[in-house]
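Here's the structure we're looking at; comments come further down.
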Amino acid sequence: MNINKQTLSNALDSASFPVIAALMVHFTGDISILNKLPQPSQVVLGETQGFLSAKDKKIIKEFALNEIEKFFKHSQKKDLYIPSDDELNTMMNYIVGEVVSPDYASMMLQEININLVNNKQLKESNNFQSDLEVLIIGAGMSGILAGIRLAELGIKFKIYEKNISVGGTWYENKYPGSRVDIANHFYSYSFEENHQWSEHFSQQPELLEYFEKCFYKYGIEKNTYFETEVISATFDELTNLWSVTSQNKHNQIQEKTNIIISCVGQLNQPHVPDINGFDDFQGDVFHSSQWPDYDAISKKKVALVGSGASAFQIAPSIAESCKELTIFQRSPPWMFPNPIYHDEVDQGKKWLLANLPFYARWYRFLLFYPGSDQLLDSLFIDPGWKEDHSINKDNDLMRELFTEAMMSQISDESLIEKVIPKYPPFGKRMLQDNGAWLKALHLPNVNLLTEGVTDMSTKGIISSGKEIELDTIIFATGFKAQEFFCPMKIDGGFGDFNKTYKDSPKSYLGITFSTMPNFFAMYGPGTNLAHAGSIIFNSECQINYICSAIEYLTNNNLKKFKVKRHIEQQYQDKFESRHNKMVWEHEKVSSWYQNSSGKVVTTSPWKLLEYWNWTKKFNENDYEF
């Protein structure tokens, strides 16, 4: 491999220098150099330079230029050094400026997978034989992942997708401003890097393109049936098979399968509140996930109902195009300062990711580690804490910092009371703040009303006894997150799942269910992430567990399994006990994480490390066959 020194020098100006310094171990084979180079001081989410000074960066850059040039002059004679696990742990410690515990080091080693050995092994394991047939429901992020992994194992499967294309949430949510709020270089499959993300937090079209690319690269299209929606599934105890009814554009299909993997997720059925006069409105009205192909915004009087993640992205994207924009907000969001939220990835960084060996893997680690479990301890309620707008000392400090950041953006004092939340930080989904939201609220054609919508008329919305005339009403009001598997009727022999549990589902690990044999879920109950990580990380944990289970069934010639009821109940008891102590069930908090009783049913209270350990391998002792 030839690397132009000037190209490398220019690219290094865009580098994370803690990562560059650590890479030198690969190039020199000498772990001791980390003691000789400037030391990063600490790790903070979104801070990729370890607070190194300009002088320190220059030292690292000059050292790296020399060593990389020296290595590639002799590249035909030797390979890059692959450190031992202990040395890799030392490199981690250096990059983040603190000691990464052995437990976390193990998880990170698997995640960054320096050799990408795991993926290579999977690709070569097609000699695995099974007569089990699996139906995957949904071809979003989790469904594609499930298809890739089952294909690698040699398992017979097919995917039913109700839409005309793959992508799930990234296919459906095409509203203006739609983008991911997890750094892209981490929000991607661990085995399928993308070095060419155009933005640090990419927009919907690019995300959809990534998942489409993965879908076709791994040949999953051969097993996928579009415009096919599963209506119901009933388990037959005599045959140990699921009887599945689905509907395509031509006819209804009746068939049987051994195993079902639900990949429909939690955020797929739009929620629109029950509003008096809804059907009377004569203008355009739609949910944010059902954005129309025509222009319903420009030069029009528009209402945006909601102030959560979708509304937060929509409002700045459409405000200047609207004649008037009225936002209806029941409670304001907390925002995490992130100045690069809309920024492009410069060419130098793209070059490093694509061309400098191991840079992408270690950069992924740097994004992952501070966004893993470091925050979790601050989300537990201190019983002795007296403030009702925060839950403990650390949480109160974050409240002060976030409030200060928001106040620095407010010039219209009338907004202060409206936009500063009165519930503890992290009680609801945190939103990424680069100033766009509050800038939009200051526009002369934008009006923020701190109330919900209860009544509509032929002309618009009735608010505080007055009619607001509108052309378009957009409901950014979330999804039916507590109605798992909705609108499908899934009956494992105990009645329809949603009728049985209503909005209080029971599961084990959010993956298996005592009431549904031969059934797995990805992004199931209690697996949404609100404190850390990427949902893709969680999905990879889940499919690892599912594949381990299927291998066990095949190796032991078993046709039926279900989690033992007492194992499921023990898990649920721990789940509820943990949540009872956490911010998401605080008396000041109301969110889609909660059911009608205020209990959290959608969101994980676990450390990523805990969940990773629990899902590493299927434990047959937890199941009956």
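Count along the sequence shown from 1, then add 214; that gives the number in the working numbering.
Backbone N, C-alpha and C fix where the C-beta goes; we use that ideal spot for every residue, glycine too.
Take the Cβ of alanine 574 as the centre, count every other Cβ of all protein chains shown within 10 Å, and call the residue buried at 16 or more, exposed below. Label assigned to alanine 574: buried.
* Find out if the Cβ-Cβ distance for the pair methionine 321, leucine 593 is shorter than 8 angstroms. => In terms of Cβ geometry, methionine 321 and leucine 593 do not form a close pair [threshold 8 angstroms].
Is methionine 612 helix, strand or coil when you go by DSSP? Here methionine 612 sits in helix by DSSP.
Could you check what DSSP says for phenylalanine 500 in three-state terms: helix, strand or coil? If DSSP states are grouped into helix, strand and coil, phenylalanine 500 belongs with the strands.
- prompt: Going along the chain, which residues of its own chain have a beta-carbon closer than 8 angstroms to the beta-carbon of threonine 714, five neighbours each way excluded?
  reply: Taken in chain order, the residues that qualify are Phe708 and Thr729.
| message | Ignoring anything shorter than 4 residues, give me the alpha helix (DSSP H) runs that lie fully in the segment 727 to 794, in order along the chain. | response | The segment 727 to 794 contains these whole alpha helix (DSSP H) runs: 749 to 769 and 779 to 793.
On the CB-based measure, 16 or more other CB atoms within 10 Å of its CB, does valine 633 come out buried or exposed? Valine 633 should be labelled buried.
Look at the Cβ atom of valine 516, then the Cβ atom of phenylalanine 689, and state whether they are nearer than 8 angstroms.
-> No, they are not a contact pair.
Quiz item: Where does phenylalanine 572 land, buried or exposed, given buried means 16+ other C-beta within 10 angstroms?
Solution: Buried is the call here.
Rounded to the nearest angstrom, what separates glycine 598 and isoleucine 605 at their Cα positions?
One C-alpha to the other measures close to 9 angstroms.
6 angstroms CB neighbourhood of tyrosine 432 in its chain, flanking five on each side removed
Contacts found: Ile362.
Contact with chain C by isoleucine 369, beta-carbon distance below 8 angstroms: Included in the structure is just one protein chain, with no chain C present.
Suppose the cutoff is 8 angstroms on Cβ atoms and the five residues either side in sequence are ignored; what does the same chain contact list for glycine 674 look like? Closer than 8 angstroms at the Cβ level, and outside the excluded window around glycine 674, lie Phe495, Gly497, Lys515, Ala517, Glu681, Ile682, Glu683, Leu684 and Ile687.
Worksheet entry | For aspartate 669: DSSP bridge partner residues | Answer by DSSP bridge pairing, in chain order: Asn490 and Ile676.
Unbroken beta strand (DSSP E) run spanning proline 571, endpoints: Note, proline 571: premise wrong, no beta strand (DSSP E); not H, not E.
Heavy atom of the ligand FAD less than 7 angstroms from the Cβ of lysine 653, yes or no? Only the bare structure without any ligand can be found here, which leaves the ligand FAD out of the picture.
If you draw a straight line from the C-alpha of tryptophan 826 to the C-alpha of serine 721, how long is it? If I take the Cα positions, the gap works out to 17 angstroms.
Beta-carbon proximity list for leucine 589, same chain, < 7 angstroms, skipping 5 on both sides
If you ignore the 5 residues before and after leucine 589, its C-beta comes within less than 7 angstroms of the C-beta of His745 and Ala746, all in its own chain and listed in chain order.
Considering only the beta carbon of each residue, do proline 390 and isoleucine 528 sit closer than 8 angstroms? In this structure, isoleucine 528 lies closer than 8 angstroms to proline 390 by Cβ.
**Item:** Same chain, Cβ closer than 6 angstroms to alanine 568, neighbours up to 5 away in sequence not counted
**Value:** Cβ contact annotation for alanine 568 (same chain, cutoff 6 angstroms, sequence separation greater than five): His409, in chain order.
- Message: Can you confirm whether the segment 356 to 371 touches the segment 468 to 481 when touching is taken to mean that 3 or more C-beta pairs between the two stretches lie within less than 8 angstroms?
- Response: Contact holds: three or more Cβ-Cβ distances are below 8 angstroms.
Helix, strand or coil, according to DSSP, for isoleucine 511 in the structure here? In the three-state reduction of the DSSP assignment, isoleucine 511 falls in the coil class.
Q. For the 8 angstroms Cβ check, are there 3 or more pairs between the segment 456 to 473 and the segment 638 to 658?
A. A contact between stretches requires three or more CB pairs, one per stretch, nearer than 8 angstroms, and the segment 456 to 473 fails this requirement with the segment 638 to 658.
| query | In whole angstroms, what separates the C-alpha of tryptophan 820 from that of isoleucine 704? | reply | The alpha-carbon separation between tryptophan 820 and isoleucine 704 amounts to approximately 27 angstroms.
Neighbour-count burial assignment, asparagine 833, 16 or more Cβ in a 10 Å radius
Classification for asparagine 833: exposed.
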